[in-house]
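Remarks on the structure that follows.
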Amino acid sequence: MMPPLGEQFALAVAAKDHDALRRLLHPELDFRAMTPGRVWDAAGPEDVLGALRVWFGEDDRIEALEALETDAFADRERVGYRLRVSNADGPHLVEQQAYLSPRDGRIGWLRIMCAGYRPVD
1084 MMPPLGEQFA
1094 LAVAAKDHDA
1104 LRRLLHPELD
1114 FRAMTPGRVW
1124 DAAGPEDVLG
1134 ALRVWFGEDD
1144 RIEALEALET
1154 DAFADRERVG
1164 YRLRVSNADG
1174 PHLVEQQAYL
1184 SPRDGRIGWL
1194 RIMCAGYRPV
1204 D
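Taking this note's numbering, the leading residue of the sequence shown gets 1084, the next gets one more, and so forth.
Here's what the structure looks like:
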């Protein structure tokens, strides 16, 4: 049995696996996200990958998936995940909550709320 779409999404984000993300995201994806200071809208996988490249750039090393939890209710799935990320500014934790709905076995509707890069010792 395949893991829930949300879990697959979080694992692909943590691995910066853009090929896996392309396979997970429906071509007509409806996407919105909120990060500290910005609201993101995208229509399709490539736009979402562009946002993820901004959020987790080449210099941002995702070292660990610290937490992962999924749940389902009505026609939605929820996934929460926390990443340990290091960059030139030091170590950080980044937590995101996502809500999604499937479409043809892929993610067709996706909303993400990001807590931002939180410095840790």
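Just so it is clear, CB atoms sit at the ideal spot from N, CA and C, and this is done for glycine as well.
Please read all numbers here as calculations on a predicted model, not as lab measurements.
- Put simply, of Ala-1134, Ala-1155 and Pro-1174 the residue whose alpha carbon is nearest the alpha carbon of Cys-1197 is Ala-1134.
- Straight-line measurement puts the Cα of Asp-1113 at about 30 Å from the Cα of Ser-1169.
- Following the DSSP letters along the chain, one finds Asp-1130 inside the alpha helix (DSSP H) bounded by residues 1128-1138.
- Glu-1090 sits in a helix when the DSSP states are folded into three classes.
- Around the CB of Pro-1202, fewer than 16 other CB atoms lie within 10 Å, so the residue is classed as exposed.
- Boundaries cannot be given for Ala-1098, as no beta strand (DSSP E) includes it and DSSP labels it neither H nor E.
- Note that the C-beta distance between Arg-1115 and Arg-1165 is not below 7 Å.
- Counting other Cβ atoms within 10 Å of its Cβ, Ala-1095 reaches 16 or more and is therefore classed as buried.
- Secondary structure note for Glu-1111: its beta strand (DSSP E) is the uninterrupted segment 1108-1118.
- Proximity to Glu-1090 across His-1101, Ala-1171, Ala-1125 and Asp-1154 peaks at Asp-1154, based on C-alpha coordinates.
- In this structure, the beta-carbon distance from Leu-1176 to Ala-1093 does not fall below 7 Å.
- Between Arg-1105 and Pro-1128, the gap from beta carbon to beta carbon is short of 7 Å.
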